[in-house]
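Numbering follows the UniProt record's numbering, with no gaps: position 20 of the sequence shown is 20.
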Amino acid sequence: MLWQAQAFRQPDRGGPLNRLDAVLYDWRFEMLPPQREAVLPIVIIDLDEATQQREGRWPWDRAKVAQLIQALRERGAALIGFDVVFSEPGPNPVRQMLQAGTLPAGLQSTLAGHAEDFDGDAILARTLDPFVLLGFFLHADGGDAGQLPAPFMVLPPEVQAATTIRALPDYTSSLPQLIAAGAGSGFVVAIPDPDGVVRRMPMILRHGADVYPALSLEMARLALGAPWLRLEQAGRGDQQVATGILIGRHVRVPVDERGDLLVPYRGRAGSFPTISATGVLRGDAPPERLAILQDALVLVGTSALGLADLRTTPLQTGYPGVEAHANVLDALLQAALGRDVLYVQPDWTPGVVLILMLVLGLVLALGLPGRSLRCMVSYAAACLLALGTLNGWAWDHQHMALPLAAPTMLVMLLALLNLIGGYVAANRQKRAIQTLFGEYVPAVHVARMVARPDQVSQAGELRDMTVLFADVRNFTATSEHLSAGELKTVLNRYLTAVTEAIFEHQGTIDKYVGDLVMAFWNAPLDDPDHADHAVRAALAMQERLAVLRAAFQAEGLPALKMGIGLNTGPMNVGDMGSRYRRAYTVLGDAVNLGSRLEGLTAFYGVPILVSDHVRRLAPRFAYRLVDRVRVKGRRGVLDISQPLAALPVADAALMERATAFEQAVLDYRARRWEAARAAFSALAAQWPEDQTLCGLYLERMAAVDPADLPADWDVVHDHVHK
Numbered sequence: 001m002l003w004q005a006q007a008f009r010q011p012d013r014g015g016p017l018n019r020l021d022a023v024l025y026d027w028r029f030e031m032l033p034p035q036r037e038a039v040l041p042i043v044i045i046d047l048d049e050a051t052q053q054r055e056g057r058w059p060w061d062r063a064k065v066a067q068l069i070q071a072l073r074e075r076g077a078a079l080i081g082f083d084v085v086f087s088e089p090g091p092n093p094v095r096q097m098l099q100a101g102t103l104p105a106g107l108q109s110t111l112a113g114h115a116e117d118f119d120g121d122a123i124l125a126r127t128l129d130p131f132v133l134l135g136f137f138l139h140a141d142g143g144d145a146g147q148l149p150a151p152f153m154v155l156p157p158e159v160q161a162a163t164t165i166r167a168l169p170d171y172t173s174s175l176p177q178l179i180a181a182g183a184g185s186g187f188v189v190a191i192p193d194p195d196g197v198v199r200r201m202p203m204i205l206r207h208g209a210d211v212y213p214a215l216s217l218e219m220a221r222l223a224l225g226a227p228w229l230r231l232e233q234a235g236r237g238d239q240q241v242a243t244g245i246l247i248g249r250h251v252r253v254p255v256d257e258r259g260d261l262l263v264p265y266r267g268r269a270g271s272f273p274t275i276s277a278t279g280v281l282r283g284d285a286p287p288e289r290l291a292i293l294q295d296a297l298v299l300v301g302t303s304a305l306g307l308a309d310l311r312t313t314p315l316q317t318g319y320p321g322v323e324a325h326a327n328v329l330d331a332l333l334q335a336a337l338g339r340d341v342l343y344v345q346p347d348w349t350p351g352v353v354l355i356l357m358l359v360l361g362l363v364l365a366l367g368l369p370g371r372s373l374r375c376m377v378s379y380a381a382a383c384l385l386a387l388g389t390l391n392g393w394a395w396d397h398q399h400m401a402l403p404l405a406a407p408t409m410l411v412m413l414l415a416l417l418n419l420i421g422g423y424v425a426a427n428r429q430k431r432a433i434q435t436l437f438g439e440y441v442p443a444v445h446v447a448r449m450v451a452r453p454d455q456v457s458q459a460g461e462l463r464d465m466t467v468l469f470a471d472v473r474n475f476t477a478t479s480e481h482l483s484a485g486e487l488k489t490v491l492n493r494y495l496t497a498v499t500e501a502i503f504e505h506q507g508t509i510d511k512y513v514g515d516l517v518m519a520f521w522n523a524p525l526d527d528p529d530h531a532d533h534a535v536r537a538a539l540a541m542q543e544r545l546a547v548l549r550a551a552f553q554a555e556g557l558p559a560l561k562m563g564i565g566l567n568t569g570p571m572n573v574g575d576m577g578s579r580y581r582r583a584y585t586v587l588g589d590a591v592n593l594g595s596r597l598e599g600l601t602a603f604y605g606v607p608i609l610v611s612d613h614v615r616r617l618a619p620r621f622a623y624r625l626v627d628r629v630r631v632k633g634r635r636g637v638l639d640i641s642q643p644l645a646a647l648p649v650a651d652a653a654l655m656e657r658a659t660a661f662e663q664a665v666l667d668y669r670a671r672r673w674e675a676a677r678a679a680f681s682a683l684a685a686q687w688p689e690d691q692t693l694c695g696l697y698l699e700r701m702a703a704v705d706p707a708d709l710p711a712d713w714d715v716v717h718d719h720v721h722k
């Protein structure tokens, strides 16, 4: 992280993160371009294609360059800087004829006296001082040309060996007589980043021990009337690191350790007033354009394709190099007035980036794990938005270019890792759900649980649920008359039929214990109508068993009868067991009561019994009240009922039967036993399947004289056996 934070300060290191940071740096220029007005007018004189066509291809005769300078001075230009180099002597036609030696002696002598009048270099030299600055190149291409100007600083040997200022071994400068005549000189070097984009410009360069200023820096010094430039350096280990450049006593230019300055581009090409050089020479440029030359700082350069001074910048390709120098010059003048326009990367940038990444890492480490995909994406996007906002604020208000790639990649990497981890965990959870519930829960419910695993809990919890117990009556005795194959067939077909009925009504199979089936509702998925679904399942189970019973009889197999008990109440549900074997099951007193009710079905001779809790929560059925009981192991009293059919009931006889039976039970409880005996006897005679139930009440009334009953008789029947 520290390496990356430092990398953008030293772009030649390259690397993917540094490249990404460069792209994000360019994007900031697009999104938050600097807004500033010029302090002094800066005008570009363009040696453009139109000038090349009208005045001839560059390089020109030096006399014509002198004419351009003279025209600019006449228009009021305060200072002129050339983003071109005059490294070779200009042609002198008189000297060329004299050197040929073909002229008569008298004419040759006469022309020799006028050779100076045709010396373009001399003519140009006379027009330079004190208005014109010349450019020169420092490079590493081999070979020197021209003469370097005097440096503004010479490093002592010990500092030269330790300095971090960039050094270039070769130079291409103007002729000595031009260097001597000019008001000053500065290099016109633009060193692009590894991707070819010019994001920073060197303000100082070194040739051996000599330190030279950029043309824009030297022009700013002269424009501000500063007497000198001074380099600030600081010791960092065994190095001497550049930290800033003083323009006189009052203006400080912050630079990085190599002496580079981030170019604060004002905008795309054309941000500065530009006049074609031919329009100045001939005076035929629009008057309003020529008028802006008054007191202007002028930079002479080219946008012509053939002169190879077009650069790639954060804002566009094909950006004139001379305009890049104009941006730097303008920013230096703005800084002289105390305006904060220079973008910097302080020495403490790596530390800030490290702290930011640690904070982001902590926030993401705490916030991402366990979240849904949508939450993770939203959380990471919020972090990226906050990071971008902070970085944009530092850029726009503090003019600090803080690296953005490493924090951005950290957010994206942690988000990706958590997404992958969440995906793996979700798949593992889905497989666990399928493994745990696949055999006990309807397939459609398993699909819902897999789709929304967050709604499924395997941990133990207390829930209001409905439990069902179903058992084949006298199955032990029945199975004794079956072969092993027949027993397996009967049991499998029976269990399949009742399980399908349970699954069709959203139930969960808890277990099979021989012929006993245990199921429950409202777990693992929420089911607000769990009691209703359980009653429907019980009725469907009896219907399926009736069909199966007829098939068994036709095949010579025993006819099966089944008792079902249902109860609703609070139950503990979860993945329970030992470290050797576990199961998703329910426990609790309400579960035990459901089992007791199943056992009572044989006693009362009815196929299904439900508690009053079930009857109250599942009102969309026709019931008949069976009895008020107290079961073994419980002191509480409850009414038990038999569900007959779902409402509305089309069978009028069934409803008359249920109504007549309940009236008989009410007569019994009210001690109107004569009416009760008559009703129970009539029902038993009319409905053979009710003989057991009606017979129980007849036996109770026969065993006790109503006159012997206590006044507080509670009509509760105590079941002392399970």
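Note that the Cβ used here is the ideal one computed from N, Cα and C, for glycine as well.
Coil, strand or helix - residue i by DSSP
| i | result |
| --- | --- |
| residue 713 | coil |
| residue 461 | strand |
| residue 147 | coil |
| residue 642 | strand |
| residue 122 | helix |
| residue 551 | helix |
| residue 702 | helix |
| residue 313 | coil |
| residue 474 | coil |
| residue 613 | helix |
| residue 530 | helix |
Beta bridge counterpart(s) of residue i as assigned by DSSP
| i | result |
| --- | --- |
| residue 240 | 163, 235 |
| residue 301 | 46 |
| residue 488 | Its beta-bridge partners do not exist; DSSP assigns none. |
| residue 583 | 576 |
| residue 518 | 469, 511 |
| residue 364 | DSSP output for residue 364 lists no bridge partner at all. |
| residue 608 | 564 |
| residue 127 | According to DSSP, residue 127 bridges with nothing at all. |
| residue 541 | DSSP, once it has assigned bridges, lists no residue as partnering residue 541. |
Distance between residue j and residue i (C-alpha atoms, nearest Å)
| i | j | result |
| --- | --- | --- |
| residue 366 | residue 526 | 30 angstroms |
| residue 155 | residue 239 | 14 angstroms |
| residue 625 | residue 707 | 25 angstroms |
| residue 213 | residue 356 | 36 angstroms |
| residue 611 | residue 535 | 11 angstroms |
| residue 497 | residue 631 | 30 angstroms |
| residue 479 | residue 416 | 60 angstroms |
| residue 147 | residue 193 | 28 angstroms |
| residue 247 | residue 230 | 7 angstroms |
| residue 165 | residue 259 | 6 angstroms |
| residue 71 | residue 290 | 10 angstroms |
| residue 9 | residue 383 | Confidence in residue 9 is poor, its pLDDT being 48 and thus under 50, which makes the residue's placement too unreliable to answer from. |
| residue 700 | residue 643 | 24 angstroms |
| residue 400 | residue 250 | 22 angstroms |
| residue 125 | residue 186 | 17 angstroms |
| residue 724 | residue 272 | Nothing about residue 724 can be read from this structure; the chain reaches only from 1 to 722. |
Buried or exposed by the 16-neighbour rule on C-beta atoms within 10 Å, applied to residue i
| i | result |
| --- | --- |
| residue 25 | buried |
| residue 4 | Residue placement at residue 4 is flagged as unreliable, the pLDDT there being 45, under the threshold of 50; a coordinate-derived value is accordingly withheld. |
| residue 694 | buried |
| residue 636 | exposed |
| residue 508 | buried |
| residue 180 | exposed |
| residue 42 | buried |
| residue 466 | buried |
| residue 753 | Outside the displayed span of the chain (1 to 722) sits residue 753, for which this structure offers no information. |
| residue 142 | exposed |
| residue 580 | exposed |
| residue 218 | buried |
| residue 316 | exposed |
| residue 57 | exposed |
| residue 119 | buried |
| residue 555 | exposed |
| residue 203 | buried |
Output the residue ranges of the beta strand (DSSP E) runs that lie fully inside the segment 196 to 272 and measure 3 residues or longer, sorted by chain position. Segments of the beta strand (DSSP E) lying fully in the segment 196 to 272: 200 to 202, 204 to 207, 210 to 213, 229 to 236, 239 to 247, 251 to 254, 260 to 262.
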